[in-house]
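Enquirer: In full-length UniProt numbering, the protein residues as written are 1 to 353.
#1: Hey, is the stretch 21-38 in contact with the stretch 54-73, meaning 3+ C-beta pairs nearer than 8 angstroms?
#2: I need the DSSP call for residue 8, collapsed to helix, strand or coil.
#3: Is the beta carbon of residue 56 sitting closer than 7 angstroms to the one on residue 6?
#4: Does the contact criterion of 3 or more C-beta pairs under 8 angstroms hold for the stretch 179-186 versus the stretch 123-137?
#5: When you compare the CB positions of residue 146 and residue 315, do they come within less than 7 angstroms of one another, or not?
#6: Helix, strand or coil: which one does DSSP assign to residue 165?
#7: Are the CB atoms of residue 270 and residue 247 nearer to each other than 7 angstroms?
#8: What are the residues that DSSP puts in a beta bridge with residue 206?
#9: Please identify the residue among 31, 130, 9 whose C-alpha is closest to the C-alpha of residue 82.
#10: Ordered along the chain, which non-local residues of its own chain (more than five positions away) have a Cβ less than 8 angstroms from that of residue 101?
#11: Does the Cβ-Cβ distance between residue 188 and residue 84 come in under 7 angstroms?
#12: Looking only at DSSP bridge pairs, what is residue 134 linked to?
#13: In the DSSP output, which residue or residues are listed as bridge partners for residue 266?
#14: Which residues in the same chain have their Cβ closer than 8 angstroms to the Cβ of residue 11, if we skip the five residues on either side of it in sequence?
#15: Do residue 299 and residue 272 have their beta-carbon atoms positioned less than 7 angstroms apart in this structure?
#16: Any idea which residues DSSP pairs residue 327 with across the strands?
#17: Quick one: grab the DSSP three-state call for residue 177.
#18: Select from 227, 217, 268, 131 the residue whose C-alpha is nearest the C-alpha of residue 321.
#19: Taking its Cβ as the centre, do 16 or more other Cβ atoms sit within 10 Å of residue 62, making it buried, or is it exposed?
#20: Would DSSP call residue 148 helix, strand or coil?
#21: Could you work out which residue in 87, 132, 261, 191 is closest to residue 120 when comparing CA atoms only?
#22: Using a Cβ-Cβ cutoff of less than 7 angstroms, which residues in the same chain neighbour residue 260 once the five nearest sequence positions on both sides are dropped?
#23: Closer than 6 angstroms by C-beta to residue 206: which residues in its own chain qualify, once you throw out the five before and the five after it? Chain order, please.
#24: Considering only residues of the same chain and omitting the five flanking positions on each side of residue 244, which have a CB-CB separation below 7 angstroms?
#25: Buried or exposed: residue 208, going by 16 or more other Cβ atoms within 10 Å of its Cβ?
#26: Helix, strand or coil: which one does DSSP assign to residue 333?
#27: Mapping the DSSP letters down to three states, classify residue 56 as helix, strand or coil.
#28: Applying the criterion that 16 or more other CB atoms from any shown protein chain within 10 Å of the CB defines a buried residue, is residue 210 buried or exposed?
#29: In the DSSP assignment, what are the bridge partners of residue 127?
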């Protein structure tokens, strides 16, 4: 079968013929119908910066959907021909985080105080993922989806789930105000998800070079755009909120200054949710956090419940997720898709085997 392989820790990926996976105990064979290129895939494509923990060689792809075409356990035959998405987190089910439902933070019983990428994050990172014609997946990690869902949306549901996880971590009420920093795929998916929650203001910040994405943000439901390279973004947020600041800031870019600005965009008693992964450690203005009672929260990955909620949201027809898909390419053109992502020429690139 054809697959997109990260063979070394150097720049690039290979599209090559590999053996179709043989099923291990409790695995099912998924014929992949759509897989999206994620920001983490782009980091690995460019040379593994901040992703040194990833195993190589490995078939990339952790955001994908397809159909179950094989099982190796009679108890799982009911899954045959089911249309599914994949949860990339293979949790142990026994550690303290799993017992609390935080499978996205599962470390397989180890390193609970080490703030490292969860050991449960597997498919497309520590074991072969879905940028291939077929993928072998633990039966517990496939979640059924409706036949009516566009396969392009299904192929990026895990990415949409990151935004939904941010909503789960936030304390949003109708009439609140929010800022999304960064009009990348995660930021735009967040705007799409926030658009139906009755916010008084939904502001997006970005750069002039992000013009197309910022205009898409307006289509998705943003009420205002702030160009952070043309104005002082904190002052602009203050003006848009009558000097009050916003209740919720979602920082999706991972840039140091954006995180600092995020604290200062918050109203007193507001919250900053850090969604973007940073290439280096960031120091936040602690005195401002203390005096303003600003709550800072991390957002990482998805849980099974997050994905089920995302499936329900995507199936409802209320959220304009399909607008996030900018390119659909055959798997053979994966390198072209990666370059589109690196050059920020689109939003979500979907590959179809």
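Built from N, CA and C at the ideal position, the CB exists for glycine as well.
Expert: Quick answer:
#1: The stretch 21-38 makes contact with the stretch 54-73, as at least three CB pairs between them are under 8 angstroms.
#2: Counting from 1 along the chain shown, the entry for residue 8 is found at position 8. Coil, per DSSP.
#3: As a first step, residue 56 is located in the chain shown; it is residue number 56 there, counting from the start. As a first step, residue 6 is located in the chain shown; it is residue number 6 there, counting from the start. Yes, these two residues count as a Cβ contact at 7 angstroms.
#4: No: fewer than three Cβ pairs fall under 8 angstroms.
#5: Sequence index remark: in the chain shown, residue 146 carries index 146 (1-based). Sequence index remark: in the chain shown, residue 315 carries index 315 (1-based). In this structure, residue 315 lies closer than 7 angstroms to residue 146 by Cβ.
#6: Along the chain shown, one-based indexing puts residue 165 at 165. Reduced to three states, the DSSP call for residue 165 is helix.
#7: Counted from its first residue, the chain shown places residue 270 at position 270. Counted from its first residue, the chain shown places residue 247 at position 247. For residue 270 and residue 247, yes; Cβs fall inside 7 angstroms.
#8: Mapped onto the chain shown, residue 206 falls at position 206. DSSP lists 227 as partners of residue 206.
#9: Translated into positions along the chain shown, residue 82 becomes position 82. When only C-alpha atoms are compared, the closest one is 31.
#10: Walking along the chain shown from the start, residue 101 turns up at place 101. Annotation for residue 101: 303, 305 place their beta carbon closer than 8 angstroms to its own, counting only its chain and skipping 5 residues before and after.
#11: By 1-based counting over the chain shown, the position of residue 188 is 188. By 1-based counting over the chain shown, the position of residue 84 is 84. Result no, Cβ atoms of residue 188 and residue 84 do not sit closer than 7 angstroms.
#12: Mapped onto the chain shown, residue 134 falls at position 134. Per DSSP, 31.
#13: Residue mapping note: residue 266 aligns to position 266 of the chain shown, counting from 1. Beta-bridge partners of residue 266 (DSSP): 246.
#14: One-based indexing of the chain shown puts residue 11 at position 11. Taking C-beta separations shorter than 8 angstroms and ignoring five residues to either side along the sequence, the partners of residue 11 in its chain run 45, 46, 47, following chain order.
#15: Within the chain shown, the letter at position 272 stands for residue 272. Within the chain shown, the letter at position 299 stands for residue 299. Their beta carbons are not under 7 angstroms apart, which means residue 272 does not touch residue 299 by this criterion.
#16: In the chain shown, counting from the first residue as 1, residue 327 sits at position 327. According to the DSSP secondary-structure assignment, residue 327 is paired through a beta bridge with 349.
#17: Along the chain shown, one-based indexing puts residue 177 at 177. In this structure, residue 177 counts as strand in the three-state DSSP scheme.
#18: Against the chain shown, residue 321 aligns to sequence position 321. With distances taken between CA atoms, residue 321 lies nearest to 217 out of 227, 217, 268, 131.
#19: In the chain shown, the residue the question calls residue 62 occupies position 62. Buried.
#20: Within the chain shown, numbered from 1, the residue matching residue 148 stands at position 148. Of the three classes helix, strand and coil, the one that applies to residue 148 here is coil, per DSSP.
#21: The sequence position of residue 120 within the chain shown is 120, counting from 1. By alpha-carbon distance to residue 120, the top candidate from 87, 132, 261, 191 is 87.
#22: Mapped onto the chain shown, residue 260 falls at position 260. Closer than 7 angstroms at the Cβ level, and outside the excluded window around residue 260, lie 284, 285.
#23: Working through the chain shown from its first residue, we reach residue 206 at position 206. Here residue 206 has 183, 214 as same chain residues with Cβ atoms under 6 angstroms from its own Cβ, once five neighbours each way along the sequence are excluded.
#24: Along the chain shown, one-based indexing puts residue 244 at 244. For residue 244, where only same-chain residues beyond five positions count, the Cβ hits under 7 angstroms are 267.
#25: On the chain shown, residue 208 is found 208 positions in, with the first residue counted as 1. Exposed is the label assigned to residue 208, since fewer than 16 other Cβ atoms lie within 10 Å of its Cβ.
#26: Within the chain shown, residue 333 is the residue found at index 333, counting from 1. In the three-state DSSP reduction, residue 333 falls in the helix class (H, G or I).
#27: Looking up residue 56 in the chain shown gives position 56. Coil at residue 56, not helix or strand.
#28: As a position in the chain shown, residue 210 is number 210, starting the count at 1. Residue 210 is buried by the Cβ-count criterion.
#29: As a working note, residue 127 is residue 127 in the chain shown. DSSP, once it has assigned bridges, lists 123 as partnering residue 127.
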